[in-house]
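K.L.:
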Amino acid sequence: MGVTVPAAVPVTVPVTVPRSALADDVVGRLTTTYAEAADPARAADMRAYMKDIAPFLGLTAPVRRDLNRAVLAGTPRPEEADCAALALRCWELPEREYQYFAVDYLRRHVKRCSSGFLPVARQLVTTRPWWDTVDALAAHVVGGLVAADPALRADMDAWIQDEDMWAARTALLHQLRHKDATDTGRLFAYCERQARHPDFFIRKAIGWCLREYAKTDPDAVRDFVATHREVLAPLSVREALKNIGGIGGIGG
Numbered sequence: 000m001g002v003t004v005p006a007a008v009p010v011t012v013p014v015t016v017p018r019s020a021l022a023d024d025v026v027g028r029l030t031t032t033y034a035e036a037a038d039p040a041r042a043a044d045m046r047a048y049m050k051d052i053a054p055f056l057g058l059t060a061p062v063r064r065d066l067n068r069a070v071l072a073g074t075p076r077p078e079e080a081d082c083a084a085l086a087l088r089c090w091e092l093p094e095r096e097y098q099y100f101a102v103d104y105l106r107r108h109v110k111r112c113s114s115g116f117l118p119v120a121r122q123l124v125t126t127r128p129w130w131d132t133v134d135a136l137a138a139h140v141v142g143g144l145v146a147a148d149p150a151l152r153a154d155m156d157a158w159i160q161d162e163d164m165w166a167a168r169t170a171l172l173h174q175l176r177h178k179d180a181t182d183t184g185r186l187f188a189y190c191e192r193q194a195r196h197p198d199f200f201i202r203k204a205i206g207w208c209l210r211e212y213a214k215t216d217p218d219a220v221r222d223f224v225a226t227h228r229e230v231l232a233p234l235s236v237r238e239a240l241k242n243i244g245g246i247g248g249i250g251g
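Listed below in structure tokens is the structure:
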């Protein structure tokens with residue numbers, strides 16, 4: 000496909016939380032506001048639904064949106080260090096809603112961050128990982144960083160064959176919103192690289208990123224699936240062809 004995925008795997012160094020008066024203020028407001036609105040009965044149901052990945056406060060998305068507006072009222076636009084400090088501190092808190100707050104905050108302010116933010120994003124992706132945070136970070140944060148600095152594609156080349164499954168899933172999904180700007184060579188090379196992966200979350204991600212790109216170039220996706228039908232998992236094929244029809248007796 001014109002892209003060779005290198006064999007080297009990056010060594011991950013934990014990121015230190017930078018100092019940030021803004022993060023201090025926001026996290027203080029956040030923990031107070033969220034704790035006051037907690038719903039223990041709903042929290043138990045949410046924790047069970049999310050496979051016990053973390054404790055919950057029991058705050059639904061609409062409730063969190065309202066609370067977030069109150070938490071952030073009057074706060075200034077952040078700098079990159081503020082974004083890093085806030086996100087990393089939210090990741091240290093036990094309840095999952097704090098990580099959701101951080102993801103929403105980063106989605107809103109990713110354009111304030113340089114390519115130097117990628118190690119922070121990786122730490123978030125690989126710490127207490129599950130699809131609920133990883134997928135948004137992949138498409139909206141890592142994807143935004145790579146779009147702004149194509150030099151980061153080399154990092155994605157390393158992530159796609161990382162032993163950490165969630166780093167690899169992030170590499171697969173980081174172009175979900177790129178549409179015509181998608182690096183198709185990498186998209187297809189990444190799918191081929193992980194086509195035989197045994198885990199559901201990688202196989203699902205392959206199908207998802209192909210299905211999303213099919214909105215831009217359905218013929219290219221059909222051709223890729225036809226060429227690689229012997230190595231792609233049935234799940235990946237079904238997802239890839241879901242909206243564009245099957246080929247040769249598969250999908251559809």
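For what it's worth, numbering that gives the first Met the number 0 labels the leading residue of the sequence shown as 0, then goes sequentially. Even glycine gets a Cβ: it sits at the ideal position worked out from N, Cα and C. The model shown is predicted, which means the values in this text are computed figures rather than measured ones.
1) Three-state secondary structure (DSSP) at residue 57?
2) Along the chain, where does the alpha helix (DSSP H) containing residue 93 start, and where does it finish?
3) Out of 68, 217, 196, 135, which has the shortest C-alpha to C-alpha gap to residue 235?
4) Hey, out of 79, 142, 36, whose CA is closest to residue 64's CA?
5) Within 10 angstroms of its Cβ, does residue 68 collect 16 or more other Cβ (buried), or is it exposed?
6) I think residue 80 touches residue 128, with their Cβ atoms under 8 Å apart; what is that distance to the nearest whole Å?
7) Please classify residue 249: does DSSP put it in a helix, a strand, or coil?
8) Can you tell me whether DSSP reads residue 27 as helix, strand or coil?
9) Closest to residue 57 by C-alpha separation, out of 111, 30, 121, 43, would be which residue?
10) DSSP on residue 14, reduced to helix/strand/coil?
11) Tell me which residue opens and which closes the alpha helix (DSSP H) that residue 195 is part of.
12) Suppose the cutoff is 8 Å on Cβ atoms and the five residues either side in sequence are ignored; what does the same chain contact list for residue 248 look like?
13) Excluding the 5 residues flanking residue 210 on each side, which residues of the same chain have their C-beta closer than 6 Å to its C-beta?
14) Secondary structure at residue 230, three-state DSSP: helix, strand or coil?
15) If distances are taken between C-alpha atoms only, which option among 104, 29, 212, 111 comes closest to residue 184?
16) Kindly indicate which residue of 21, 19, 193, 97 has the alpha-carbon position closest to the one of residue 32.
17) Tell me whether residue 67 sits in a helix, a strand or coil according to DSSP, three-state version.
18) Given residue 133, which residues of its chain have a CB within under 7 Å of its CB, disregarding the five upstream and five downstream residues?
19) Return the chain-ordered list of same chain residues with a C-beta closer than 6 Å to the C-beta of residue 109, the five sequence neighbours on each side being excluded.
20) DSSP on residue 79, reduced to helix/strand/coil?
21) Give the DSSP-derived three-state secondary structure of residue 39 in the structure shown.
P.N.:
Taking the coordinates as given:
1) The count along the sequence shown starts at 1 and reaches residue 57 at position 58. In the three-state DSSP reduction, residue 57 falls in the coil class, being neither helix nor strand.
2) The residue given as residue 93 occupies position 94 in the sequence shown. Per DSSP, residue 93 belongs to no alpha helix (DSSP H) and is neither H nor E.
3) Here residue 235 corresponds to residue number 236 of the sequence shown, with the count starting at 1. Taking only the C-alpha atoms, the option nearest residue 235 is 196.
4) Within the sequence shown, numbered from 1, the residue matching residue 64 stands at position 65. Comparing Cα positions, the closest option is 36.
5) Against the sequence shown, residue 68 aligns to sequence position 69. Flag for residue 68 reads exposed.
6) Counting from one through the sequence shown, the residue named residue 80 turns up at place 81. Counting from one through the sequence shown, the residue named residue 128 turns up at place 129. Going by Cβ atoms, the distance from residue 80 to residue 128 rounds to 24 Å, so no, they are not a contact pair.
7) Along the sequence shown, one-based indexing puts residue 249 at 250. Low confidence applies to residue 249: its pLDDT is 47, below 50, so where it sits in the model is not reliable enough to give any reading.
8) Taking the first residue of the sequence shown as position 1, residue 27 is located at position 28. If DSSP states are grouped into helix, strand and coil, residue 27 belongs with the helices.
9) Here the question's residue 57 lines up with position 58 in the sequence shown. That would be 43, whose Cα lies nearest to the Cα of residue 57.
10) Taking the first residue of the sequence shown as 1, we reach residue 14 at position 15. In the structure shown, residue 14 sits in coil (DSSP, three-state: anything other than H, G, I, E or B).
11) The residue given as residue 195 occupies position 196 in the sequence shown. That residue, residue 195, is in no alpha helix (DSSP H); it is neither H nor E in DSSP.
12) In the sequence shown, residue 248 corresponds to position 249, counting from 1. Confidence is the limiting factor: at residue 248 the pLDDT is only 44, short of 50, which leaves the residue's position unreliable, though a coordinate-based value still follows. So the list is empty, once near-sequence residues are dropped.
13) Residue mapping note: residue 210 aligns to position 211 of the sequence shown, counting from 1. So the list reads 238, 239, 241, once near-sequence residues are dropped.
14) Within the sequence shown, residue 230 is the residue found at index 231, counting from 1. Residue 230 carries a coil assignment under DSSP once its states are collapsed to helix, strand and coil.
15) If you number the sequence shown from 1, residue 184 lands on position 185. Out of 104, 29, 212, 111, 212 has the C-alpha closest to the C-alpha of residue 184.
16) Along the sequence shown, one-based indexing puts residue 32 at 33. Ranked by how close their Cα comes to the Cα of residue 32, the residues 21, 19, 193, 97 have 97 in first place.
17) Here residue 67 is taken as the residue at index 68 of the sequence shown, counted from 1. Looking at residue 67 - three-state DSSP - the assignment turns out to be helix.
18) The residue you call residue 133 lines up with position 134 of the sequence shown. Hits under 7 Å: 124, 165, 168, 169.
19) Your numbering for residue 109 matches position 110 in the sequence shown. Counting only Cβ-Cβ distances below 6 Å, and skipping sequence neighbours, we find 140, 143.
20) Along the sequence shown, read from residue 1 onward, the residue named residue 79 stands at position 80. DSSP places residue 79 in helix when its eight states are reduced to three.
21) Counting from 1 along the sequence shown, the entry for residue 39 is found at position 40. Helix, per DSSP.
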